[in-house]
Structure formats: C-alpha cells, structure tokens
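Residue numbers 87 to 394, in the numbering used here, belong to the letters of the sequence shown in order.
Below is one structure; the comments refer to it alone.
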Amino acid sequence: MDDTRNTPGLTGEARVEDYLALLKPSVMQLVVFTAIVGLVAAPGGINPFIGIIAIVCIAIGAGASGALNMWYDADIDAIMSRTVNRPIPAGRITKGEALVFGLVLSVFSVALLGLATNWVAAGLLAFTIFFYAVIYTMWLKRATPQNIVIGGAAGAFPPIVGWAAVTGTISMEAVVLFLITFLWTPPHFWALALYKQSDYGAAGIPMMPNVVGNQSTKVQIFAYTVLLAASAMLPTWLGYSGMVYTVVAVITGASFLFLSWRLLQAREDVAMRKAARVVFNYSLSYLFIVYFAFLTDNLLTRYGSFFG
C-alpha cells in the first residue's frame, strides 16, 4: 500500500495554517516589532501607507527566512521534540514546497521593498535573508557552538532595515538598536539550550552546553548579559533617549543580570534547568520592553510639545 496517499504534504492537502507555520510567526512578531521601532524612530518620517508596505515586506522576508530554515533543517526538526510537529517533519508539507515558498517570498519581499522605499533597505533585507538561510542555517548552525553568536546578526538587522526604509542610510542610532538585539541573542538561546540540550544533542547540533558544558555556558550567559545591559544604556549615553528609556533600561537590565547570576549559581541539574527556563522566559519580554521604551521616549521627545 502506498503510504504517501495518507500524507497531507504529499497530496496537495496542506492547509493555509501549515504554510503560515513555515513563516515562524512567533519569531516574526519580534522581527516586525523591532523593524517598526526602527522605522518610526528614524528621522524625517515616511508616508504611513509606504511605511505599512515596508513593514509587511520585512515581515514577509522574515517569514521567507523561516521557511528556508525549515526546508534545510527538516532532518533535525524531525528529531527534536520542540520541532517535530513542524509542517515538514509532520508530513503536511514537502521540502520542495517549502523551498519554493521561501524563495518566492524572498524575491517578492525584496523587490517590493526596493520599489516602495529604496534599494538600500531592500539590499539589507536581501542580505538578512541570505545571512539567516545560508550563513547561519546551512553553515554555522551545524558547524560551531558560536552559531548563535554569529548567526544572531540576522535577527538583529530588522531595526536597521526599518530605519533605512525611511532614510536610505544606516546611522549610529540604528546600529545601537542592532547591537542590543545582537547581544541579547546568546543569553536568550543558550538559556533555552541549557534545558533543551538533550534535543540538540540528539540532533547533533553543537550548541554551547553540549560542547563546553553547563558551567561554561552559564558563565558566558552572564558575561553576555553584562554586555547587553551596558549596550542598552548606549541610547542614554549617546543622547538618543531620555529619562523614560533610561529608567526602563536600568530596571530591566538589572533584572536580567540578577536572573543570569542566579542561573550561574545554580549547581544541581534540576535547579539549573529551572533557572535557565526563567532566564529564557524573561528574555522573551526583555527585548520588547526595551524597544517599546525606546520608541515611547522617541515619540515623547518628538511630539512632547503637543502635550504642553
């Protein structure tokens, strides 16, 4: 009997939600939000309709990256518990369909962004897709425990793309936003790797805990958290933000440091995994809060006179 007749992905029966799942919507939320902050904070302003098109293009480009990532990683996704139900390993979509879907979305998003805004922003979006799909997914992820450190650049580009969509240039303010996200990535993903290391080990992914051990990973998480907390103060030190942002950056940075320090001190395996999960969960909200504070401060500075 031909088993492929019962496989939705091989019979053209994939649902819309399966294709949406290829876009990694949970990751896309953060990409879209940081891109919006970069776009709105950029000087000069942009036509709201063009701004919406730019954000949609960045979202589609991010989704294309996710689809290409799932296409290439289908073999290891079928091994890890947190990814086994993704559309390809679950048999709802074929690898070929995911590849075509990702490539079409990549070309469409880059071309439309270039036509709607400028080719600097479009070039940055194209480079971001290439970096995530090729440099990170196809090369670094399976080759080095520094995969997240270097590959994190892909997730840090959206605010620069948003900024460039308005200005056609890259400025220091956008680079600072990039740096905050870039330094946030290692403690975020290594905390996840600490309590999911059996998954990564089974899939043969050289995540930091599987290569250098838990203690060294915890030390590096804390070290990157220190750098992150310091980088989050750059908008204040460079005069790009005011008191609202400063207060939020200090409180959230101190909280992240405290949780990372508590993780560093955890010795027993159960306590370590629990502390790692807390760090990971906190990191999910940290970036949203810091970026929202930066945006709020920027808008208050720009339009504060309207409120007296």
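All residues carry an ideal CB built from backbone N, CA and C; glycine is no exception.
- Between T303 and the set W347, P321, M329, G325, the nearest pair of CA atoms involves W347.
- Annotation: V220 is outside any alpha helix (DSSP H) and is labelled neither H nor E by DSSP.
- Where I144 is concerned, the enclosing alpha helix (DSSP H) starts and stops at 134-158.
- The alpha-carbon of N300 is positioned some 10 Å away from that of Y281.
- Inter-residue distance for L201 and A362 is about 44 Å (C-alpha atoms, whole angstroms).
- When only Cα atoms are considered, A260 and P295 end up about 32 Å apart.
- Of all alpha-carbon atoms in A197, Y158, V193, the one lying nearest the alpha-carbon of G182 is that of Y158.
- Going by C-alpha positions, N367 is about 24 Å away from V330.
- Buried is the label assigned to V376, since at least 16 other Cβ atoms lie within 10 Å of its Cβ.
- Taking a contact as a CB-CB distance under 8 Å, the pair Y105 and F194 does not count as one, their CB atoms being some 14 Å apart.
- Annotation for Y218: S151, A240 place their beta carbon closer than 6 Å to its own, counting only its chain and skipping 5 residues before and after.
- Cβ atoms of V123 and L320 stay farther apart than 8 Å, at about 15 Å.
- Sequence-distant partners of S192 (beyond 5 residues in either direction) whose C-beta falls short of 6 Å from its own C-beta, in its chain, are A150, I215.
- Rounded to whole angstroms, the Cβ separation of A309 and G339 is 14 Å, and the two are not in contact under 8 Å.
- Closest option to T203, judged by alpha-carbon separation, among I165, Y222, G248, I162: G248.
- Within the same chain, V196, L199, G200 come within 7 Å of A208 by CB-CB distance, once the 5 residues on both sides are set aside.
- Between the segment 242-256 and the segment 116-131 there are three or more inter-stretch CB-CB distances shorter than 8 Å, so the stretches are counted as touching.
- Restricting attention to W323, G290, F344, the CA atom closest to the CA of M258 is found in W323.
- For the 8 Å CB-CB criterion, L314 and I266 form a contact.
- For the pair D383 and S327, the CB atoms are nearer than the 8 Å cut-off.
- By the C-beta criterion, the segment 225-240 is judged to be in contact with the segment 272-292, since at least 3 inter-stretch pairs fall below 8 Å.
- The alpha-carbon separation between A352 and S371 amounts to approximately 22 Å.
- The C-beta distance from A153 to L108 rounds to 4 Å, short enough to fall under 8 Å.
- A check of alpha carbon separations from T230 across A148, P134, G290 identifies G290 as the nearest.
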